[in-house]
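Encoded as structure tokens, the structure appears first; notes follow it.
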Amino acid sequence: MNQVDMADQITAACSQPLFPNQDQAMAGQESFPLQPYSNIMLHNPNGNSFEEDMNYEVQQAYRIFNGFLLDKHKGITSPFLQPIGQQEAQHGIGGVRGWSQAQLRQLMCLRRMEEKFINQEYETITEFVADFRLMLENCYRYHGVDHWISKQAQKLEIMLEQKLTLLSRTLREKTTLAVTSKGHFGAEEERSSGGTSTRRRLAPRSLATIIVGGHESVMVQALRMEEQQKAKEEKR
């Protein structure tokens, strides 16, 4: 399968309506129609929540996910209903079509996460949090960390971390940045532990552990450094 076919397949999967009456064409990521965040697809025909068939971990993951779908957050979450760069892919210019096969397979969006909940593809909370952070990382890499959409992503990242701090210690240890990124991001003590439990992580994490300089997350700072390094190399 070539990159064009791969991009079409992924964007089609992430273009199914997440909210009712959202069939009209989208002119761009800045003009997403903001529909009510109620009555989403995560319910079976009998009206019983999909939570009934989820294990405890995935129930907690779904509740976190559902929290992002509240009407009050729609202004922040709208750009993430589709994969980052979908408009460029549809027009065949730059963006997704310029990415490698590996990057194309990694595309993630809120609709795709919803689909995975419906199809019971998530078995652990780690998998969900990894997908959510992947969506944010794709945004930072695609747009650059200073783009306005990336600023929205940073708000989502902080909201996610706030929700994770409320989990039990066992689940917090399964959702650290180092664990979900497989060591690519995260505090040095988390990386060195390989994601296993340590005495240093017995206490709930505070936002200070994921915010650098009072305003940027660990992920954003790492990606900013990558951007700066790349810019230096291009000048040589």
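Throughout the sequence shown, residue numbering follows my numbering, covering 27 to 262 in sequence. We put the CB at the ideal spot given by N, CA and C, even for glycine.
Span of the alpha helix (DSSP H) around residue i
i, result
"E83", "Y82 to F94"
"Q180", "W174 to L190"
"F154", "I151 to H169"
"I144", "L136 to I144"
"I110", "Run containing I110: none; DSSP gives neither H nor E here."
"T196", "R195 to E199"
"K100", "K100 to T103"
"T202", "Note, T202: premise wrong, no alpha helix (DSSP H); not H, not E."
Pairwise C-alpha distance: residue j and residue i
i, j, result
"L193", "G93", "14 Å"
"Y148", "I90", "14 Å"
"M139", "A248", "25 Å"
"G54", "W174", "Here the model assigns G54 a pLDDT of 40, short of 50, so the residue's position is not dependable and the matter cannot be decided."
"R263", "F158", "This structure gives no information on residue 263, because the portion of the chain shown stretches from 27 to 262."
"R262", "M245", "26 Å"
"P105", "R137", "11 Å"
"L95", "G209", "29 Å"
"S176", "E77", "31 Å"
"E141", "D97", "20 Å"
"G101", "K189", "19 Å"
"R195", "M185", "18 Å"
"Q255", "L162", "21 Å"
"A257", "Y88", "39 Å"
"E260", "H99", "38 Å"
Proximity to residue i [Cα-Cα], best of the options
i, options, result
"E242", "K200, E187 and D97", "E187"
"E253", "T201, V171 and V244", "V171"
"Q103", "R198, K208, L182 and R262", "What sits at residue 103 in the sequence shown is Thr, not Gln. The candidate whose alpha carbon is nearest that of T103 is L182."
"Q146", "N81, V244 and K261", "N81"
"D79", "K258, F143 and T201", "F143"
"C165", "Q255, E259 and R250", "R250"
"E153", "I184, H169, Q178 and K200", "K200"
Beta-carbon proximity list for residue i, same chain, < 7 Å, skipping 5 on both sides
i, result
"A17", "The displayed coordinates of the chain run from 27 to 262. Any statement about residue 17 would go beyond what the structure contains."
"Q180", "S243 and V246"
"G212", "T202, L203, A204 and V244"
"Q178", "I102 and P105"
Cβ-based neighbour list, residue i, same chain, cut-off 6 Å, excluding 5 preceding and 5 following
i, result
"E83", "T150 and I151"
"I110", "N164, C165 and Y168"
"H117", "With a pLDDT of 47 at H117, under the threshold of 50, the predicted position of this residue should be treated as unreliable, and no value is reported."
Neighbourhood of residue i by C-beta, 8 Å cutoff - its chain only, sequence neighbours within 5 removed
i, result
"L160", "Q132 and M134"
"Q85", "E77"
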